[in-house]
Amino acid sequence: MRHQLLRSGWSLAHLSGPSETPQEVTGRTVDATVPGCVHTDLMAAGLLADPHLDANETGTRWIGWSDWRYATAFDAAAPADGEQVDLVCRGLDTVARVELNGTELGRTENQHRSYRFPVGHLLGTGRGELAVEFTAPERLAADRVEAAGGQWPNPYGRPYAALRKMACNFGWDWGPDLPTAGIWQDIGLHYWRTARLDTVRPLVRRAGDRRWTVTVHVELARAGGAVPVEVTAEVAGVRAAVTTGGTSATVEVAVDDPAVWWPRGYGDQPLHELTVTVAHDGAELDGWRRRIGFREIGLDTGADEAGSKFVIRVNGRDVFARGVNWIPDDTFVTRLDRDRLRASLTGATGANANLVRVWGGGLYESQDFYDLCDELGLLVWQDFLFACSAYPEEEFLAAEFEAEARENIVRLMPHPSLVLWNGNNENIWGWFDWGWQQELDGRGWGLTYYLDLLPRLLAELDPTRPYWDASPWSGGMDRHPNDDRYGVSHVWDVWNQRDYLDYREHTPRFAAEFGYQGPPAWSTVRRSVSDRELTVESAAFQHHQKAADGHAKLQRGLAAHFGVPADFDDWHFLTQVNQARAVRTGVEHFRSLQPHCMGTIWWQLNDCWPGASWAVIDGDGHRKPAWYALRAAYRPRLATFQPVDGGLELVVVNDTDEPWRGRIELARHAFDGERLAGSSTGFDCPARGTVRIAVDAEVGTARHPSCELVRARGAADAEWYFCTDRELAYPRAEFTATAERLGDGWRVEVVAGTLLRDLWLFPDRLHASAAAEGTVSTLLPGERAAFTVTADAGADLDPAALTARPVLRCVNDIALGELDPGTAFLDADAPQPS
């Protein structure tokens, strides 16, 4: 057995396209990279401006309406007697015709699966000329929509439901509309004889207190008859084998007392290599290797007095999911590698997350992605690839989806991090609430996939993991799918219509999506937008806002808390602050409801391009203030003030395996630092538990709400303001700040002369590589804070600039007049701003 990858000598030719195709591209042939795609090849050839910059995206629509040809020539050994040779295409995007030495091998129309074609009979000379022609995905999708008598309804009016292609390729409310084409995963020759491993399905189960079994189901492909072969499985030093003359075999390995895999925060993540081989007469014919983990998964959806639960259970223990939603990490996914994925996923773990949800409008991610999740202890919630749309149930899609689902269930199931299969994203919700029923007029819309096909496939192929039909989903068609009392909820009324403080009006059992937008980092904006005068209304900056009325919703949020900023610098800073506060408000409230609520998945972790979005890490990899807010809100041990019955509670949340005992000092302060009232309380919070502490009225009730706050200090820190910023009598910010060089970085120290709220440092305004560690919510007069700044070698940051606006910011460094204080209320006898 041997493999020959075909990665060199590729060319890309434009075959045909619409009238707006640039003249310099028509009929042109350029060098190509495989794996790759048309857009990146055209950029490399200097024929396409980067679609992520300015409004360049709008000049690329012709690409999705064009036909393309990838071609290469290669030398290959002719097959020996009895040897089979297959061309293996790991990923073709999407509508393709494959030809070798002038003979058509087959046609494909699914980005999410692989294809294998026998080619030994075409390689007699040892020379191969391979071509893959891609039909315009826009044209096929449009033809299917026309044949169906209308669009399958979705929020974007794009035909992504008509073919099995990454849905967000056609644009989303956070990403560009750039339908790609190309050989997006490896392609090559596979030489084999007698038998090969077609599929390997290891089912890991606990068989007793310390004994586990790994039942390995193998499907074999045969060449040359039913010769007896030996199938062997070995893991954790234990080996078992069977002999078969057929096309399937089952090998069971029993392992005593292996090290058990846990999600991060619950234990270690030991991984064990499972090796499966097929051999004949002692000679190995084929082999398969994966790292697996010994663990068992459950999902508790039992009814209770409040509705029904949704609790992920690992090794018999309930897990509070501190999660993030994941989208493809680049519009052009072939630019992603293991290092880039590691950086993004460690962004999740660095924010104290223990779960990542792979959202249904993107991809089944790469082997590297799931390997990293296994290593990092990140639980994976995996959507099947249906999102925000009705989907046809006709054979052209149903057959492709079943093949895709079978392949990816088998591909992903060895990973211990994978704990939940989910049928779709928001499609059942759409059928209930988005006007689809009338528009569909009786056409199928995908329900049979979610309620019938997928449960059957998983029962057959992966019975060791739970399945949930949709997100959101209340467990049955007899209930509204997005009912907070049942199952899984999406909380989007806050972003779309309400203030982020209204997260506190929701009591979900599990919040699988909720989010609030913010712009990317300043350096990301400046790299991607060349508007000479940068404003919210400038054309290129507006182009990077894909959400419907996105900037208007950001402005609405600013108006509620700050009024109208004076300039773009303040707008950018305050919208980032609002996003950070929304993170903490929502996450801390939902965590305070534990165990009624047993999971939160923030929308979203990452970005695919440099646009405004709900991400906490922007498209250039910069961590927004919202990332630091998420890290604070996801601390394993958290204290948070929550309003209740006209007063305040301090809720202590202990998401660790050890009891948490300590004392907390509670104090109400005037903005000048004076301690107006205080109390001290001890607490004893059990492992994985919560404690609610009533705040004394003397501490929790303000005499002058516009210029007082409550703080908790000691075993845990928290703070509470009685009013929104517009209503607060902030003093003008006064402080001293110093910056000194320390080795390869800088240390910035701030000493407050007045109250400083939401103190942030943005060194990327001086150099794109510069980042600051250390964030502060509030400093009272005389208190100090320090930031550590790192940057690439050669980045010479000005110390004076590090200690002044617009790099060093706090909310009350904005002139009060710019905050439109006419709406503020100030108590007559309260201290007035200077």
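Counting from 1, one number per residue, gives the positions in the sequence shown under UniProt numbering. From the three backbone atoms N, C-alpha and C, an ideal C-beta is built for every residue, glycine too. In this text, all values refer to a predicted model and were calculated from it rather than measured experimentally.
8 Å Cβ cutoff, residue i in contact with chain D
{"i": "F510", "result": "Of the chains in the structure shown, none is chain D; there is only one protein chain."}
Beta carbon of residue i nearer than 8 Å to that of residue j
{"i": "Q185", "j": "P35", "result": "yes"}
{"i": "W609", "j": "H39", "result": "no"}
{"i": "G120", "j": "F74", "result": "no"}
{"i": "A44", "j": "Y70", "result": "no"}
{"i": "G27", "j": "W62", "result": "no"}
{"i": "G430", "j": "L454", "result": "no"}
{"i": "G323", "j": "T600", "result": "yes"}
{"i": "T250", "j": "H280", "result": "no"}
{"i": "G347", "j": "R556", "result": "no"}
{"i": "E513", "j": "N325", "result": "yes"}
{"i": "V536", "j": "W571", "result": "yes"}
{"i": "R90", "j": "I187", "result": "yes"}
{"i": "A539", "j": "Q579", "result": "no"}
{"i": "D620", "j": "A772", "result": "no"}
Per DSSP, cross-strand counterpart(s) of residue i
{"i": "T250", "result": "H217"}
{"i": "E365", "result": "Partner(s): none; E365 has no beta bridge."}
{"i": "H490", "result": "E513"}
{"i": "A382", "result": "A small fix is needed here, since residue 382 is Gln in this sequence, not Ala. Note: Q382 sits in a beta bridge opposite V358 and W421."}
{"i": "L5", "result": "G188"}
{"i": "E719", "result": "R711"}
{"i": "C685", "result": "W660"}
{"i": "G106", "result": "V98"}
{"i": "T738", "result": "E749"}
{"i": "I601", "result": "G323"}
Proximity winner among the options, relative to residue i (alpha-carbon distances)
{"i": "F510", "options": "S530, L501, Y486 and P22", "result": "Y486"}
{"i": "D452", "options": "E393, T507, H480 and H490", "result": "E393"}
{"i": "G293", "options": "D337, D607 and V214", "result": "V214"}
{"i": "R342", "options": "E375, D177, D304 and Q111", "result": "E375"}
{"i": "residue 842", "options": "A670, H704 and I664", "result": "This structure leaves residue 842 out entirely; the chain is present only between 1 and 834."}
{"i": "D300", "options": "R637, P595, G246 and M166", "result": "P595"}
{"i": "V333", "options": "T180, A560, D383 and N315", "result": "T180"}
{"i": "A259", "options": "R211, A233 and E284", "result": "R211"}
{"i": "T247", "options": "R206, V200 and D567", "result": "V200"}
{"i": "A167", "options": "D620, A387, T575 and E439", "result": "A387"}
{"i": "D177", "options": "T60, L742 and V695", "result": "T60"}
{"i": "L709", "options": "A303, D725, D618 and N578", "result": "D725"}
{"i": "R688", "options": "Y467, V653, W614 and Q642", "result": "V653"}
{"i": "K309", "options": "L593, A580 and G435", "result": "L593"}
{"i": "T690", "options": "D286, T640, R357 and L87", "result": "T640"}
{"i": "G446", "options": "L779, I428 and L457", "result": "I428"}
{"i": "L285", "options": "D337, V231, L363 and V311", "result": "V231"}
{"i": "V278", "options": "A240, Q642, D764 and G265", "result": "A240"}
Cβ-based burial, residue i [other Cβ within 10 Å; buried from 16]
{"i": "S19", "result": "exposed"}
{"i": "G225", "result": "exposed"}
{"i": "G518", "result": "buried"}
{"i": "H3", "result": "exposed"}
{"i": "D256", "result": "exposed"}
{"i": "G822", "result": "Note that G822 scores 34 on pLDDT, short of 50, meaning its location in the model is unreliable and no value can be drawn from it."}
{"i": "S417", "result": "buried"}
{"i": "D813", "result": "buried"}
{"i": "Q367", "result": "exposed"}
{"i": "E505", "result": "exposed"}
{"i": "S613", "result": "buried"}
{"i": "P659", "result": "exposed"}
{"i": "R456", "result": "exposed"}
{"i": "V564", "result": "exposed"}
Nonlocal neighbours in the same chain, by C-beta distance under 6 Å from residue i, ignoring five residues either side
{"i": "T464", "result": "L203"}
{"i": "Y628", "result": "T775"}
{"i": "T701", "result": "none"}
Contacting residues, own chain, Cβ-Cβ under 8 Å from residue i (five flanking each side not counted)
{"i": "P159", "result": "E138, A141, A142, R144, V145, Q151, W152 and F170"}
{"i": "K553", "result": "W495, N496, Q517 and A547"}
{"i": "T94", "result": "T108, E109, N110, Q111, F134, P137, L163, R164, K165 and A181"}
{"i": "G678", "result": "E665, L666, A667, R668 and V699"}
{"i": "W82", "result": "Note that residue 82 corresponds to Gly in the displayed sequence, not to Trp. The answer, listed in chain order, is R193, T194, A223 and G224."}
{"i": "C597", "result": "T507, P508, R509, F510, A511, F590 and R591"}
{"i": "E24", "result": "L47"}
Cβ neighbours of residue i in the same chain (closer than 7 Å, five flanking residues each side left out)
{"i": "L122", "result": "L100, N101 and T103"}
{"i": "G350", "result": "R631"}
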